[in-house]
Amino acid sequence: MLITGTRKGIGEQLVKHYVTQGFKVLGCSRKNIDYKFENYQHFCLDVSDEVEVKKLFFEIKKSYGRLDYLINNAGIGLANHILLTPCETVQSIMNTNFTGTFLFCREGARLMKRNGFGRIVNLTTVAIPLKLEGEAVYASSKAAITTLTQILGKELAEFGITVNAIGPTPIKTDLIRAIPKDKIGRLIDSLAVKRYGETRDVINVIDFFIKPESDNITGQLIYLGGV
Amino acid sequence: MTERDKILKSIYDAVDEVNEQLPEGQALEKSPDTVLLGESGKLESIDLVNILVATEENVEEAFGVPISITDERAVSEEKSPFTTIEALCNFISNLLIEKSDG
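The listed protein sequences derive, respectively, from chains A and B.
Here our numbering is used: the first residue of the first sequence is 55, the next is one more, and so on.
Here our numbering is used: the first residue of the second sequence is 2, the next is one more, and so on.
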């Protein structure tokens, strides 16, 4: 299993969960990590750097010859009004969130295709259907991931690869630290299930998507919190 | 075996893989002149994708370096590096030269 963005937050929790479940887990992030697990191997790279990503998959192919599960978790966000958003920020968010997911889907699918089996899960956000002000760029980058997921679901089905996405509600991670508490409070009030999301909510949906029995489920998106 | 022979073998191995999936009588010939993309090509677009992906893997294994044969010209029939096996071979050869030049 390969998980992106594993230095902290949801990614780190996913590593912990799947290592405990007996998976051989590989992960990556730009900076190094401060934790260790016996069945976990970490790589440092920028997910939007095509050359680095190709190298990573070349290593995976050489060392393991296969990849069964890919979770595209790496993501960055910055809440800002469009009138105050620099173009550089837009490019950076699109690169990490969309280009990174695209590259990992492409390279992951090539490796999965060899065995006629694969499960790809992408991370998106409830900021899309909620049309959250201040999240135009972040939500747009995730909307691109949603469309990518739906189309790849079709393109990769014949190779035994499913591609699905999950849109979590706000989870207490660094990603939402900069967003004012009252804004998050209003957001949570607008949900059917009025609480912060937790990593276990995300794991529950990922576990469902990656089950062998879920081979007839692809191109789907599940939002949490009743959005 | 020359570099060109190694590249051609990588392509032909990919053609073998795809030929196994093609209906009888549709098999691609393993020749530099074989048309992969264009009006006289026999391949469905997904078969071309399969040949290119398998070729990329075979070249990576043969030369021990990751390469990317995806190209923005891929869908442009006139200038595509994927029109024939010969063109694909030349394209990969140039990619390997670019790689070795750093």
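We put the beta carbon where it would ideally sit given N, CA and C, even for glycine.
Every value quoted in this text rests on a predicted model; they were computed, and no experiment measured them.
Could you tell me which chain A residues have their CB closer than 7 Å to the CB of PRO67/B, listed as they occur along the chain?
LYS108, LYS109 and PHE112
Could you spell out where the alpha helix (DSSP H) holding ALA190/A opens and where it closes?
190-210
Would VAL36/B pass as an interface residue toward chain A - the criterion being a Cβ-Cβ separation below 7 Å?
no
Leaving aside the five residues before and after PHE91/A along the sequence, list all residues of the same chain whose C-beta is less than 8 Å from its C-beta, in chain order.
VAL69, LYS70, VAL73 and VAL79
At a Cβ threshold of 7 Å, is VAL54/B touching chain A?
yes
Return helix, strand or coil for GLY81/A, following the three-state DSSP convention.
strand
Counting only runs of 4+ residues fully inside the region 108-192 of chain A, write out the alpha helix (DSSP H) ranges in chain order.
141-147, 154-167 and 181-184
Just curious, the beta strand (DSSP E) that LEU275/A is in, first and last residue?
275-277
Looking at ALA128/A: is its Cβ nearer than 7 Å to the Cβ of THR58/A?
yes
What do you reckon, are the CB atoms on ILE8/B and ILE68/B nearer than 7 Å?
no
Does GLU187/A pass the burial test, meaning 16 or more other C-beta atoms within 10 Å, or should it be called exposed?
exposed
ARG164/A CB to nearest chain B CB: under 7 Å?
yes
Selection from GLU252/A, ASN218/A and VAL247/A that minimises the alpha carbon distance to ASN126/A
ASN218/A
Going along chain B, which residues have a C-beta under 8 Å from LYS167/A?
VAL54
Starting from TYR94/A, trace the beta strand (DSSP E) in both directions and tell me its first and last residue.
94-98
Residues in its own chain within less than 7 Å of SER195/A by CB, not counting five upstream and five downstream?
ILE147, MET148, ASN151 and PHE152
Would you call GLU25/B buried or exposed, if buried means 16 or more other Cβ atoms sit within 10 Å of its Cβ?
exposed
One or two residues paired with THR71/B in a DSSP bridge:
THR71/B pairs with nothing; no bridge assigned.
DSSP on VAL36/B, reduced to helix/strand/coil?
strand
Using three-state DSSP, classify ILE257/A as helix, strand or coil.
helix
Counterpart residues of ALA219/A in DSSP-defined beta bridges
ASN176/A and LEU275/A
Would DSSP call ILE233/A helix, strand or coil?
coil
So, is LYS235/A buried or exposed, given that buried needs 16 or more other C-beta atoms within 10 angstroms?
exposed
From the DSSP output, in three-state form, read off GLY251/A for me.
strand
When the Cα atoms are used, what is the spatial distance from GLY290/A to ILE12/B?
Nothing about residue 290/A can be read from this structure; chain A reaches only from 55 to 281.
Return helix, strand or coil for THR58/A, following the three-state DSSP convention.
strand
Residue range of the alpha helix (DSSP H) that includes LEU97/B
86-101
From SER83/A, TYR277/A and PHE77/A, pick the residue whose C-alpha is nearest to that of VAL182/A; which is it?
In the sequence on display, residue 182/A carries Ile and not Val. When each option's Cα is compared against that of ILE182/A, the closest is TYR277/A.
So what does DSSP say about ILE87/A, is it helix, strand or coil?
coil
From the DSSP output, which residues share a beta bridge with ILE225/A?
GLY251/A
If we ignore side chains and look at the alpha-carbon of each, how far apart do ALA246/A and THR223/A end up?
11 Å
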